[in-house]
Amino acid sequence: MAGTIRAQYPASIRPVRVMCTARVSPDMVMRAFNKGADGVIIGGWHIGECDFNNGNEYAHKLVAYIQDILETIGLERERIRMIFVSAAEGERFRQFAVEMDNTIRKLGPSKIHQFQIESVAKAAAKARKKASTKKN
Amino acid sequence: MLETQRNKNIELFTLSEVIDVKGYVGNFEVEILQHARYTNDDCNGCGSCFEVCPAKAPSGFDVGMGPSQAIYVSFAQAVPMRAQIDMNYCIKCGNCQNVCELHAVNFDQQDTKFKVKVGGIIMATGWDEYEPEYGYLGYGKFENVLTQLSLERMLAPNGPVVGHLHRPSDGKPPESVLFVQCVGSRDINRNVYCSSGVCCMVSIKNAKLVKSHDPSIEVVMAYIDIRAAGKGYEEYYTASRREGVKYIRSKVGRIREDPRTKNLKVVLEDTLSPEKTIREYEFDMVVLSAAMMPSKTFDKLNEVMNLSKHPSGFLKEFHQRLNTVDTDVPGIVLAGACHGPKAISESIMQAKGAASSIGKLLSNGEYRINLIRAIPDEKKCARCNMCAEVCPYSAITVTQEKGAVVDTILCRGCGLCASVCPSEAITVRYYRGGQYESQIDAILEDALKEGGQI
Chain A
1 MAGTIRAQYP
11 ASIRPVRVMC
21 TARVSPDMVM
31 RAFNKGADGV
41 IIGGWHIGEC
51 DFNNGNEYAH
61 KLVAYIQDIL
71 ETIGLERERI
81 RMIFVSAAEG
91 ERFRQFAVEM
101 DNTIRKLGPS
111 KIHQFQIESV
121 AKAAAKARKK
131 ASTKKN
Chain B
1 MLETQRNKNI
11 ELFTLSEVID
21 VKGYVGNFEV
31 EILQHARYTN
41 DDCNGCGSCF
51 EVCPAKAPSG
61 FDVGMGPSQA
71 IYVSFAQAVP
81 MRAQIDMNYC
91 IKCGNCQNVC
101 ELHAVNFDQQ
111 DTKFKVKVGG
121 IIMATGWDEY
131 EPEYGYLGYG
141 KFENVLTQLS
151 LERMLAPNGP
161 VVGHLHRPSD
171 GKPPESVLFV
181 QCVGSRDINR
191 NVYCSSGVCC
201 MVSIKNAKLV
211 KSHDPSIEVV
221 MAYIDIRAAG
231 KGYEEYYTAS
241 RREGVKYIRS
251 KVGRIREDPR
261 TKNLKVVLED
271 TLSPEKTIRE
281 YEFDMVVLSA
291 AMMPSKTFDK
301 LNEVMNLSKH
311 PSGFLKEFHQ
321 RLNTVDTDVP
331 GIVLAGACHG
341 PKAISESIMQ
351 AKGAASSIGK
361 LLSNGEYRIN
371 LIRAIPDEKK
381 CARCNMCAEV
391 CPYSAITVTQ
401 EKGAVVDTIL
411 CRGCGLCASV
421 CPSEAITVRY
431 YRGGQYESQI
441 DAILEDALKE
451 GGQI
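As you go down the protein sequences, you meet chains A and B in turn.
Per the working numbering, the first sequence starts with residue 1, numbered consecutively.
Per the working numbering, the second sequence starts with residue 1, numbered consecutively.
Below, the structure written as structure tokens:
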């Protein structure tokens, strides 16, 4: 509905579609963090309104589980959040998206992301050096 | 009810409960347990046996307010009009058998089980009155505190006291009656929901009846809101006020009993009066408007049917606005109070919708499903059984030989199995694990580039 009411929310939020939040698995979430995501949002129907009985409750448990993992590996718990929202709550989703974007910006890039960028930068620098020495 | 019995296209099984439901839309197999009635088809409900039965029992139909005996007809308009025996009370003296000219009594009857094949199922399991816990507002503890259902039987012309008002404690007609609304409803400690559409109107009706019995009786209703939202309901409410029913907007916290008179003492705060007057009242009788709750016996059946419930405990409809007749399961529809508190006209309305929905389904001859279904990989499957355990539709069976096997019709494509599988051996068509990996990688492609930020 956010689209239907033309609600603007930050472009940093990229959706990945699931048919039910139950489909979200731990390895999906961790892959995202690994590949440089600074935050993950899981958006599902309100509790009691799941199209498939109670899939969103499983996702809710998953978020708690992932938060523990994040803490263990040195990432902040706030980087993963779940919102229970209905298709009619475009405005509410927009507010949530803005809040999450602000939170993540304050926290800055995740340690994994930073590490990945640094390794990529180092590798690039090394490659440039090799290329220049080769030239010579 | 009689029309149902007479309709040639309807097979009516009474004294029966559904104990198992297997299958899927168009091909359900329902197992029914029919309890023994202990009379055969020859019985015509003449009642000669009632008079000679020495075993007394509380009347189920009269909510225990009046007596019955072990052999009885459930009520005057029962369908089928045949006697039945409650073996909890019967002493098998044989009086009824001796007196029955049609030889219809048979103590040797057994319960029977049988299966029926059906294409669709309409859930109409109804409701039960909330039973306040012992002592809550005096219920069970003080003799003159009743619930609405008990009052109804007292006021009924075919009830145990033929419609005359008698106080349970001394049989005297009450001079003042208090109706307490929202008992067990709109209550964070009990049921949060409102038994809307029913509770207020039943109370107003009964208040009017009491008043019409004897206009000198003081009739007071303690309410939070009067919900008279329905055709003609507001006019009915206004009429009750004209007839002298007093409405005081007050919650009732506690009811005390005068041990000598058995009268009830209640403190009411008239929150609509300018001074918010607080006064203690004394009433001869108190009637509790207890909440409408889903049928108590449904939970046992739902262990097998596994239908989704709304947080209130009532059955969950497909969509709260756009489709309150179907459920998430194709072929199973809802009608009446099992879906939510509902009065007669709304129940019938929904029932017509339910019949129409099933009729449409079955008249098509075929039913289409989409392909978003779970697909297991037998080679990767570790037979750990996690997928079968979490599946909300019991669509997966795991065996040593074949691993996880998914019933494509029972499966609804929710993906829970795919997300819990530790071996990544089961996934969902169009929502495969590999597809997600590619999506995530593609979205975050720029994040890892130099100076990466999406």
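Even glycine gets a Cβ: it sits at the ideal position worked out from N, Cα and C.
Assignment of beta-bridge partners to W45/A by DSSP yields no partner. Rounded to whole angstroms, the gap between the alpha carbons of V24/A and T72/A is 21 Å. Secondary structure of V304/B (DSSP, three-state): helix.
Per DSSP, reduced to three states, the secondary structure at P132/B is coil, with no helix or strand assignment. The region 341-348 of chain B makes no contact with the region 366-373 of chain B, as fewer than three CB pairs between them are under 8 Å.
Secondary structure of G39/A (DSSP, three-state): coil.
Q439/B has a beta carbon lying within less than 8 Å of a beta carbon in chain A. Pairwise C-beta distances place the region 301-320 of chain B out of contact with the region 269-286 of chain B, as fewer than three of them are shorter than 8 Å.
Counting the other Cβ atoms within 10 Å of the Cβ of R6/A gives fewer than 16, which makes it exposed. Under the Cβ criterion of 8 Å, H164/B is not counted among the residues facing chain A.
Those residues of the region 405-418 of chain B placed with their C-beta closer than 8 Å to a C-beta in chain A are R412, G413, C414, G415, L416, A418, ordered along the chain. Going by C-alpha positions, E424/B is about 21 Å away from I42/A. Going by beta carbons, F179/B and M123/B fall outside the 8 Å limit. Within chain A, the residues whose beta carbon sits less than 8 Å from that of P392/B are F52, N53, N54, G55, listed in sequence order.
Nearest CB-CB separation between I5/A and chain B: not below the 8 Å threshold. The beta-carbon of A382/B is placed no less than 8 Å from the nearest beta-carbon of chain A.
In the DSSP assignment, A374/B falls within the unbroken beta strand (DSSP E) covering 374-376. Using a Cβ-Cβ cut-off of 8 Å, K449/B counts as an interface residue toward chain A, since at least one Cβ of chain A sits closer than that to its own. In the three-state reduction of the DSSP assignment, V252/B falls in the coil class, being assigned neither a helical nor a strand state. Closer than 8 Å to the CB of Y436/B there is at least one CB belonging to chain A. In this structure, the beta-carbon distance from V428/B to A418/B falls below 8 Å. In the structure shown, the three-state DSSP call for Q109/B is coil.
Residues of the region 106-127 of chain A whose Cβ lies closer than 8 Å to any Cβ of chain B, in chain order: P109, H113, Q116, I117, V120, A121, A124. Within chain B, the residues placing a beta-carbon under 8 Å from that of V16/A are Y436, Q439, I440, I443, ordered along the chain.
At a C-beta separation below 9 Å, K35/A has these neighbours in chain B: I440, D441, I443, L444, E445, A447, L448. Cβ contact annotation for A87/A (same chain, cutoff 8 Å, sequence separation greater than five): M1, in chain order. In this structure N144/B touches V286/B by the C-beta definition: roughly 7 Å separates them, less than 8 Å.
Residue environment analysis places N9/B among the exposed positions, since fewer than 16 neighbouring C-beta atoms fall within 10 angstroms of its C-beta. For V85/A, the closest Cβ of chain B is not nearer than 8 Å.
C-alpha of R227/B to C-alpha of E282/B: approximately 26 Å in a straight line. In the displayed model, I10/B falls within coil according to three-state DSSP, outside both helix and strand. Listed in chain order, the non-local C-beta contacts of G244/B below 8 Å within the same chain comprise K211, P215, V219, local neighbours out to five positions each way being set aside. With the rule of 3 Cβ pairs closer than 8 Å, the region 331-344 of chain B counts as touching the region 104-121 of chain B. Close to chain A, meaning a Cβ-Cβ distance shorter than 9 Å, are the following residues of the region 326-342 of chain B: D328. R79/A is positioned such that its CB atom lies closer than 8 Å to that of L107/A.
For I396/B, the uninterrupted beta strand (DSSP E) segment begins and ends at 396-399.
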